[in-house]
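First the structure, in the form of structure tokens, and then the observations on it.
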Amino acid sequence: MYSWGDDMDDWAKPGTYSFDKKTTEARKKDAERSRSEGPRTYKTKGTGPNVQLTDPKKRVSTTSKTPLVIGVDVTGSMQSWPAEIFDRLPLLYQTLSQYKPDLEISFAAIGDTKSDRWPLQVTKFTRGFDLEEQLKAIYGEGGGGDIPESYGVFASWVLNHVEIPSLDERPFLIVFGDAPMHPKIRGSEAKHFLGDDIQDADSVTTWMNVTRTWNTFFLRRPGGVKGDETDKQWSAALGEQQVVHMEDEGRAVDYAMGLIARSWGFFGDFQQNMRARQDEAKVTALSEQLSRLAPKVVTCPHCGAPLRGTAALTSGARVTCVFCQSIVQLP
1036 MYSWGDDMDD WAKPGTYSFD KKTTEARKKD AERSRSEGPR TYKTKGTGPN
1086 VQLTDPKKRV STTSKTPLVI GVDVTGSMQS WPAEIFDRLP LLYQTLSQYK
1136 PDLEISFAAI GDTKSDRWPL QVTKFTRGFD LEEQLKAIYG EGGGGDIPES
1186 YGVFASWVLN HVEIPSLDER PFLIVFGDAP MHPKIRGSEA KHFLGDDIQD
1236 ADSVTTWMNV TRTWNTFFLR RPGGVKGDET DKQWSAALGE QQVVHMEDEG
1286 RAVDYAMGLI ARSWGFFGDF QQNMRARQDE AKVTALSEQL SRLAPKVVTC
1336 PHCGAPLRGT AALTSGARVT CVFCQSIVQL P
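Numbering-wise (my numbering), the sequence shown opens with residue 1036 and increments by one.
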């Protein structure tokens, strides 16, 4: 289990990496709080979540210039993933916050509205050790019904319940999952679980609208077939380049951190961080896969939305914006 603070004794190569000294005091305070409150736990058994902290009917906001939302499918076989992220929470936050000190994170647990009692659980944005209280309020229900899950309801929540007024750049939204989404968001579902009065909505279109603001990635669990219906649906929703087949399930958090660190210009530091924890072969494999992704998002000059399908195109090529249908010549 990763620790708050600068203790790296349980890392594979302790002493080979150092966090930024500018954030030392914050890490020290988080470590002191961690010691006083004892070991972390993640609930997969019991009566359910702390609904006062995880109710998706609430609205959340943050003044962070670099907020991050992490959504995790907690149905069936995916149930172990929240525990995996929970174990690496100090690593995730302490690594990324040294790059962007005002980082705040909101977590979401995604299930199935057709069969689960708590198909969407969400936390407010916060930072440091306060993330512990939020994340342990989530309950790993481990249910789910048919193969599609209610990712669309989560997208509707992001679109209608999250306020991020102080952005410096497009923020990241990372979804860990292994399934397609229900094609429709029923108005009755939105009313019951989100408290929203909306008409039935198309899930793919809702996700497309989310991507206008959020740099969204679907990190798919190993085992899926590339190019299958799940890939096609998520590619239509986010853009093909935003669907990443993870090759090593144990490196799920590293995939997320690497994507973000690369975009922020700190990929070299992230690689050094990973080398202190993993063997060189794993660092190389993950680095090569992430390096094949588009280095930056090109936006439409007419509507400001991200342009899709630009990764393989050269300067001067023309591409059609899927949002406003303008034809744009790439710089």
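Glycine included, every Cβ here is placed at the ideal spot set by N, Cα and C.
Owing to the predicted nature of the structure, the values given are computational and were not obtained by experimental measurement.
Taking a 10 Å sphere around the C-beta of Cys1356, we find 16 or more other C-beta atoms and assign the residue as buried. The C-alpha of Arg1070 is placed about 31 Å away from the C-alpha of Val1210.
Ranked by how close their Cα comes to the Cα of Ala1225, the residues Met1292, Ala1316 and Leu1155 have Leu1155 in first place.
For Glu1264, the enclosing alpha helix (DSSP H) stretches over residues Glu1264 to Leu1273.
Runs of alpha helix (DSSP H) with 4 or more residues, each lying fully within the region 1286–1316, are found at 1287–1299 and 1302–1310, listed in chain order.
In this chain, the beta strand (DSSP E) harbouring Leu1155 covers Leu1155 to Val1157. In the DSSP assignment, Phe1207 falls within the unbroken beta strand (DSSP E) covering Phe1207 to Gly1212. Separation of the CB atoms of Trp1299 and Tyr1186 is rounded to 26 Å, and the pair is thereby denied contact status at 8 Å.
Around the Cβ of Arg1343, a 10 Å sphere holds 16 or more other Cβ atoms; the residue is buried. Secondary-structure assignment with DSSP links Lys1219 through a beta bridge to Asp1237.
Within the DSSP secondary-structure output, Gly1106 pairs in a beta bridge with Ala1143 and Val1210. Comparing alpha-carbon positions, the option among Gly1163, Ser1096, Ala1320 and Leu1131 lying closest to Lys1064 turns out to be Gly1163. Residue state for Tyr1174 is assigned as strand, using DSSP reduced to three classes. If you ignore the 5 residues before and after Thr1089, its C-beta comes within less than 7 Å of the C-beta of Gln1156, Val1157, Thr1158, Ala1172 and Ile1173, all in its own chain and listed in chain order. A distance below 7 Å between beta-carbons, with the five flanking residues on each side excluded, links Trp1192 to the following residues of its chain, in chain order: Pro1091, Leu1155, Val1157 and Leu1229.
When only Cα atoms are considered, Gln1277 and Gly1050 end up about 35 Å apart. Spanning the alpha carbons of Glu1198 and Cys1338 requires a straight line of approximately 20 Å.
Distance check between Leu1131 and each of Asp1314, Val1318, Asp1304 and Glu1167 places Asp1304 closest, using alpha-carbon atoms only.
Arg1247 and Phe1207 have their alpha carbons spaced roughly 12 Å apart. Gln1268 counts as buried, since at least 16 other C-beta atoms from the protein chains shown sit within 10 angstroms of its C-beta. Following the DSSP letters along the chain, one finds Leu1127 inside the alpha helix (DSSP H) bounded by residues Leu1124 to Ser1132.
Within the same chain, Val1278 come within 7 Å of Ser1270 by CB-CB distance, once the 5 residues on both sides are set aside. Each of Leu1254, Gly1083, Leu1170 and Phe1160 was checked against the Cα of Thr1101, and the nearest Cα belongs to Phe1160.
In this structure, the beta-carbon distance from Asp1237 to Asn1195 does not fall below 9 Å. Separation of the CB atoms of Ala1214 and Val1239 is rounded to 14 Å, and the pair is thereby denied contact status at 8 Å. Under the criterion of beta carbons closer than 8 Å, Ala1287 and Ala1047 do not qualify as touching, at roughly 18 Å. By the CB criterion at 9 Å, Leu1321 and Glu1282 fall inside the cutoff. Collapsing the DSSP output to three states places Arg1255 in a strand.
Here the C-alpha atom of Leu1254 lies approximately 6 Å from the C-alpha atom of His1280. Per DSSP, Thr1098 lies in no alpha helix (DSSP H) segment and is marked neither H nor E.
Looking at Gly1175, Gln1306 and Asn1308, the one whose alpha-carbon comes closest to that of Ser1115 is Gly1175. Rounded to the nearest whole angstrom, the C-alpha separation of Asp1108 and Ile1120 is 12 Å.
In this structure, Asp1203 lies away from Ile1220, with their beta-carbon atoms at least 9 Å apart.
Taking all protein chains in view, the Cβ of Pro1084 is crowded by 16 or more other Cβ atoms within 10 Å, so the residue is classified as buried.
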